[in-house]
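*Asks:*
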Amino acid sequence: MKRNFLSLSVAGAVLALSSVTVLSAGSIASASTLTAVKFVYDFPGPDMEIIPVVVAQKEGFFKANGLNVSVEFPPSTSLTTQLLTTGSGDIGFITTSDMAVAVEAKAPVISVANYSMTNNWGLFAKPGSTLTLASLKGKKIFSWGDTWTNAMIPFVLKKAHLKASDITIVTGANDTPLLMNGTINFTTSTTNYAIPGITEATKSAPVGIVGAAAGVPNVPVWVYAVTHNYANQHGKNVRAFLKAIKAATIWASSHQTKAVADFMAAYPKSGYSKFYSTKGWALTVPLLTNSAGKYFVQTNKQWTTLATALKSVKLIKSVPAPSTYYTNKFLP
Amino acid sequence: MSSSSLLELRGISKTFASTTALSTMDLTIERGSFVSIVGPSGCGKSTLFNVLSGLIQPDGGSINLEGRDVIGATGHVGYMLQKDLLVPWRTVLGNITLGARLKGKVTAEDRDQAKGFAEKYGLGDFLNHYPSALSGGMRQRVALMRTLATNHQLLLLDEPFGALDAQTRFEMQQWLLQVWRDTQRTVLFITHDVDEAVFLSDRILVMSPRPGRVVDDLAVNLPRPRTLETLVSPAFTEIKSKVLHQLHHERAL
Amino acid sequence: MTKKKLLLNIFGPILSVVVLIGIWQAIVVWGNVAPYIAPKPWDAINAVTSNWSTLAPLTWWTIKETVYGYLVGALLGAFLGVVLNKIPLMQRVLYPLLILTQAIPIIALAPPLVMILGFGVMPKVVIVAWIVFFPVTVSVLDGLNHVDKDLMTLAKVFGANSLRRFVVLEMPAAVTQLFSGLKIGATYAVTGAIIGELAASSGSSLALYQRSASGSLDAAGVYGTTLIMTAIGIVWFLLVVGAEYIATPWQRRSTARQWRRGAKPVVTNN
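Protein chains in written order, with the numbering used here: chain X, 1 to 332; chain Y, 1 to 253; chain L, 1 to 270.
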């Protein structure tokens with residue numbers, strides 16, 4: 001539902017570079033006292049949402065909590081939960097819809113913290129174009145083909161009183177060029193990815209319909225997740241990880257320029273500009289806390305709402321107890 | 001041009017860069033004769049064949065074949081090499097009629113003629129076979145049939161049996177003489193094998209290199225048909241020794 | 001072909017597939033592999049058959065992309081092979097360019113193609129043709145470059161013009177080589193179609209179905225679609241092998257079939 005597949009080609013090189021840096025950093029600090037943790041991102045390449053992890057690495061928050069965290073990128077989207085279950089990763093960054101289908105498939109994973117708190121997903125179009133639910137009929141709409149987008153589009157159609165056949169879903173590797181040359185009418189994304197991308201390309205902000213206006217359920221989009229095994233045997237690591245991430249997130253929210261610089265230094269070939277990452281991170285920060293200003297806290301309601309929504313669009317068959325999906329017990 | 005001569009070369013020569021491949025040559029070949037050319041490599045025999053077949057242009061002189069000037073033209077001689085050059089995707093019949101195909105369409109007459117040749121010379125059962133199913137000797141027979149089927153009076157055979165084992169080669173030599181007699185063609189035959197030259201020919205041209213030229217022109221007056229007896233007759237040995245003498249004499253210089 | 005050889009030709013491949021499936025089953029069962037990581041073979045097959053009404057039109061699209069692209073690539077490849085052989089200048093100018101085309105990662109090629117050609121069948125056809133043409137060009141060029149020089153000389157002596165030499169001798173001589181290029185292309189073709197589908201598709205496609213299945217941790221669906229893609233590749237390869245079998249009878253038979261033009265039955269009387 002986000003990002004630029006072209007950066008995929010450099011992801012491998014970045015991955016190799018980053019693991020070298022992590023290794024050398026680890027060997028400088030007394031490796032014996034730090035516990036190694038493998039963090040798996042949700043996308044094959046890095047982007048600004050990984051800033052809390054990068055900051056925790058670079059500014060010493062992990063080290064302060066006794067951890068040596070390395071970052072892995074999956075070979076393709078939606079593989080992060082599988083990588084956790086096979087032991088290729090310890091703590092994963094996934095969408096809530098990934099979590100729901102994982103539980104449906106009986107994969108033993110559990111969400112340990114929200115990353116973001118609200119649904120900032122929606123439809124976006126070039127600046128100056130007309131984008132209303134009433135104007136959707138007959139249009140070409142871009143999708144990344146991932147589970148989250150597959151889950152959300154039916155809600156948009158429902159709100160617009162349209163059938164699936166009323167629009168053309170186009171799937172591909174990069175939306176912005178297609179949007180620019182008019183090959184597609186609208187793209188689907190979240191505010192923190194779509195606004196920087198389209199603003200960078202057109203020099204002005206896109207038009208969009210987001211969240212409730214687009215008819216989608218108001219649920220968090222991203223969470224941190226682990227396997228049941230890891231939660232049971234290495235709860236200490238999960239707690240230490242979240243503690244470090246919380247400190248890093250707070251630091252990165254108040255030192256946004258330095259946080260973006262840390263990201264650009266860690267992943268100079270991410271394919272994203274400083275402008276994009278700065279704007280994207282600025283748009284991400286407000287999403288990270290709930291109405292009470294708290295980080296991470298998950299609720300029964302968010303998971304029930306999500307599961308019910310996914311069942312209504314037939315992505316899952318049954319709505320399990322919300323506790324199947326999450327636990328707040330590792331929160332700092 | 002006398003009525004019995006088929007081919008007349010007058011003043012033919014060919015120089016490549018600074019090498020005289022063929023110094024000025026005059027040669028007359030009688031219609032229906034079998035003429036062998038022997039000589040070490042570089043003596044110009046291949047150049048002579050290439051000039052006769054039209055593949056290369058001589059520096060000067062004239063070539064008169066059946067009353068026509070054929071310098072620089074192709075398509076007027078039958079030609080056969082040591083390699084049989086049968087095409088693997090055409091049957092025996094298809095290979096025999098290859099000459100016709102290369103000049104246009106294969107007509108029913110072409111096919112009937114090819115079948116006639118094949119049946120007469122022991123290939124009748126193999127008309128529909130691909131060359132891969134044939135022995136080396138049979139392949140050379142097909143190659144000769146293909147040469148005959150071009151219906152040219154003059155056949156240039158460049159060491160056609162050079163790659164065959166001794167026994168097969170002797171069979172092929174006898175067979176070639178039979179075909180030659182039946183079809184009344186004129187044969188120019190390049191060989192390294194003096195026995196073969198003497199056994200087959202009416203006349204042997206001995207060539208020598210630097211510059212390439214004919215140094216001897218021997219008549220072979222052995223009675224025909226020639227058989228195994230021919231090979232051991234004193235007359236055979238006498239001619240053979242003359243040729244060998246000429247070759248060695250030349251080489252010793 | 002002897003009966004024993006025939007049996008071996010039929011049962012050999014079947015046996016190897018059965019063994020492969022057996023190994024797959026053994027790994028999944030004994031390795032205790034979770035069904036969302038890798039399915040049992042039967043579950044993968046079942047994921048195809050039970051969703052066939054959805055998968056059939058997608059499969060048909062992929063077949064079309066593969067076949068159209070392959071035909072375009074094969075024709076273009078053969079044409080280029082002839083051009084390179086016949087015009088020596090082209091061999092210098094064009095050959096490095098052709099190698100360049102193959103050095104470009106197809107993944108990088110796909111998005112701009114979609115920008116230009118849209119989401120339909122066209123960009124996939126171009127990608128497949130792009131992959132297929134090269135081995136065909138190389139094999140045709142190789143075949144033509146290795147036609148016996150003496151045979152061509154002989155044809156010249158026989159008075160054949162260059163067009164006849166090409167049609168009667170060079171073209172058939174290059175056929176054997178041509179098929180080795182066509183077979184290599186056949187194994188790659190379906191990959192090109194799938195890369196094209198991943199780059200961009202309007203509506204659904206086999207590649208996107210697989211991506212969705214992957215996103216839903218539906219490993220049976222992922223492996224099932226892989227089986228379909230593999231089957232398309234194998235069937236196409238076998239069709240090319242079949243075409244070779246028919247087009248080059250001299251490679252396996254000692255005699256031509258009697259129905260061949262002009263070859264009346266030859267009666268053997270011995």
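Ideal Cβ positions, reconstructed from N, Cα and C, are used throughout, including at glycine. A quick note: this is a predicted structure, and the numbers were derived from the prediction, not measured.
1) Excluding the 5 residues preceding and the 5 following serine 97 of chain X in the sequence, name in chain order all residues of the same chain whose CB lies nearer than 6 Å to its CB.
2) Quick one: does glutamine 57 of chain X have its CB under 8 Å from some CB of chain L?
3) Could you please give me the residues that DSSP links to tryptophan 222 of chain X through a beta bridge?
4) What is the DSSP secondary structure of valine 156 of chain X, counted as helix, strand or coil?
5) Can you tell me where the beta strand (DSSP E) with phenylalanine 142 of chain X in it begins and where it stops?
6) Among residues of its own chain, excluding the 5 on either side of threonine 308 of chain X, which ones have a beta-carbon nearer than 7 Å to its beta-carbon?
7) Anything in the stretch 149-182 of chain L with a Cβ closer than 8 Å to a Cβ of chain Y? List those residues in chain order, please.
8) Can you pull the chain X neighbours of valine 114 of chain L, defined as C-beta to C-beta under 7 Å?
9) Could you tell me the boundaries of the beta strand (DSSP E) in which glutamate 170 of chain L lies?
10) Using a beta-carbon distance cut-off of less than 8 Å, what residues from the stretch 164-188 of chain X approach chain L?
11) The alpha helix (DSSP H) with valine 125 of chain L in it runs from where to where?
12) What in chain L is Cβ-close to proline 88 of chain Y, meaning under 7 Å?
13) Just to confirm the assignment, what range does the beta strand (DSSP E) spanning glutamate 30 of chain Y have?
14) Indicate the three-state DSSP secondary structure (helix, strand or coil) for histidine 129 of chain Y in the structure shown.
15) Under the DSSP definition of a beta bridge, which residues are partnered with aspartate 217 of chain Y?
16) Give a yes or no on whether the minimum CB-CB distance between alanine 256 of chain L and chain Y is below 8 Å.
17) State yes or no: is the C-beta of aspartate 43 of chain L within less than 8 Å of the C-beta of alanine 220 of chain L?
18) Within this structure, are the beta carbons of tyrosine 224 of chain X and alanine 113 of chain X separated by less than 8 Å?
19) According to DSSP, is threonine 249 of chain X helix, strand or coil?
20) Excluding sequence positions up to five away, which residues of its chain have a Cβ less than 7 Å from the Cβ of phenylalanine 119 of chain L?
21) Could you pull the start and end residues of the beta strand (DSSP E) that arginine 10 of chain Y belongs to?
22) For valine 187 of chain Y, return the contacting residues in chain L, with the cut-off set at a CB-CB distance below 9 Å.
23) Do tryptophan 281 of chain X and glutamine 256 of chain X have their C-beta atoms within less than 8 Å of each other?
24) Quick check on DSSP: helix, strand or coil for threonine 227 of chain Y?
25) What are the residues in the stretch 56-77 of chain Y lying within 8 Å of chain L by C-beta distance?
26) Between glycine 203 of chain L and chain X, is any beta-carbon pair separated by less than 8 Å?
27) In terms of residue numbering, what span does the beta strand (DSSP E) encompassing glutamate 109 of chain Y cover?
28) Do leucine 331 of chain X and alanine 214 of chain X have their C-beta atoms within less than 8 Å of each other?
29) At what residues does the alpha helix (DSSP H) containing glutamate 200 of chain X begin and finish?
30) What's the gap between the Cα of leucine 52 of chain Y and the Cα of aspartate 193 of chain Y?
31) Could you tell me which of Y:Thr186, Y:Leu244 and Y:Leu247 sits nearest to arginine 31 of chain Y, measuring between CA atoms?
32) Please confirm if leucine 208 of chain L has its CB atom under 8 Å from at least one CB of chain X.
33) On the DSSP bridge assignment, give the partners of phenylalanine 49 of chain Y in chain order.
34) Could you name each continuous beta strand (DSSP E) segment of 3 residues or more that falls completely within the stretch 21-80 of chain X, going from the start of the chain to the end?
35) Which residues in the same chain have their Cβ closer than 6 Å to the Cβ of valine 240 of chain L, if we skip the five residues on either side of it in sequence?
36) Pair every Cβ in the stretch 250-266 of chain X with every Cβ in the stretch 4-15 of chain Y, then say whether three or more of these pairs are closer than 8 Å.
*Replies:* Short version:
1) Thr147, Trp148 and Ala151
2) no
3) X:Thr95
4) Valine 156 of chain X carries a helical assignment under DSSP once its states are collapsed to helix, strand and coil.
5) Looking at the DSSP string, the run of the beta strand (DSSP E) that includes phenylalanine 142 of chain X is 140-143.
6) Val319
7) Asp150, Leu151, Thr153, Leu154, Ala155, Lys156, Val157, Phe158, Gly159, Ala160, Arg164, Arg165, Val168, Leu169, Pro172, Ala173 and Val175
8) Gly172
9) Segment: none, glutamate 170 of chain L is in no beta strand (DSSP E) and carries neither H nor E.
10) Thr168, Ile169, Val170, Thr171, Gly172, Ala173, Asn174, Pro177, Leu178, Asn181 and Thr183
11) 122-145
12) Trp250
13) 19-30
14) strand
15) Y:Leu205
16) True, the Cβ-Cβ gap to chain Y drops below 8 Å.
17) yes
18) yes
19) helix
20) Ala200, Ser201 and Ser202
21) 5-16
22) Simply none; closest approach about 16 Å.
23) yes
24) Residue state for threonine 227 of chain Y is assigned as coil, using DSSP reduced to three classes.
25) Thr74, Gly75, His76 and Val77
26) yes
27) From DSSP, glutamate 109 of chain Y is part of no beta strand (DSSP E) but of the alpha helix (DSSP H) over 108-120.
28) No.
29) Residues 191-202.
30) 22 Å
31) Taking arginine 31 of chain Y as reference, the option from Y:Thr186, Y:Leu244 and Y:Leu247 with the minimal CA-CA separation is Y:Thr186.
32) yes
33) Answer is none; phenylalanine 49 of chain Y lacks a bridge partner.
34) 35-40 and 67-72
35) Listed in chain order, the non-local C-beta contacts of valine 240 of chain L below 6 Å within the same chain comprise Leu182, Lys183 and Ala186, local neighbours out to five positions each way being set aside.
36) no
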